[in-house]
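J.:
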Amino acid sequence: MLEPKVLIMDEPVVGQDKRSTEHLIHLIQKLKERGITVIIATHDMNFLAMCADNVIVIDNGQIVFQGDVVDLFNSREILEASGLDDPPVHKIAAKLTCPEIVTTDQFCSELVKEVIR
């Protein structure tokens, strides 16, 4: 079987339940570990936070952002202008002065560290 160098997905979690989405995230992580580039078109920012390293935001046919997923979620103007919303856990983390946190796993890990201190 041939192994592609690039895999392109368009809105892969639309209509998927939580279990299927988690399975897809795990699959994407495995593909990335094997050096396969995964390009995903999505409006689901929670999904994006869990599987993307670099992102490109296209609004009205123009690239309005290109960079790290954390930087995107810290760019309120870009998100609002593009009709996107950062994950709820990032909103909470940002209010707690932890704007680099974008996933629930990261938030829980940091919370445990704070409790242990």
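Residue numbering for the sequence shown is 1295 to 1411, as defined by the working numbering. Glycine included, C-beta positions come from ideal geometry on N, C-alpha and C.
With distances taken Cα to Cα, identify the nearest neighbour of Q1310 among F1341, L1378, R1411 and I1302.
T.: F1341
J.: Please name the residue in N1354, Q1356, E1305 and A1346 whose C-alpha comes closest to that of F1367.
T.: That would be A1346, whose Cα lies nearest to the Cα of F1367.
J.: Taking the CB atoms as reference points, tell me whether V1383 and T1398 lie closer together than 8 Å.
T.: yes
J.: State yes or no: is the C-beta of T1336 within less than 8 Å of the C-beta of E1316?
T.: no
J.: What residue from F1359, I1334 and V1300 has the CA that sits closest to V1308's CA?
T.: I1334
J.: Decide if the region 1314-1331 is in contact with the region 1358-1372; the criterion is three or more beta carbon pairs, one per stretch, under 8 Å apart.
T.: no
J.: With H, G and I counted as helix, E and B as strand and the rest as coil, what does DSSP make of I1372?
T.: helix
J.: Can you tell me which of the three DSSP states D1399 falls into?
T.: helix
J.: Taking the C-alpha atoms as reference points, what is the distance between I1352 and L1373?
T.: 11 Å
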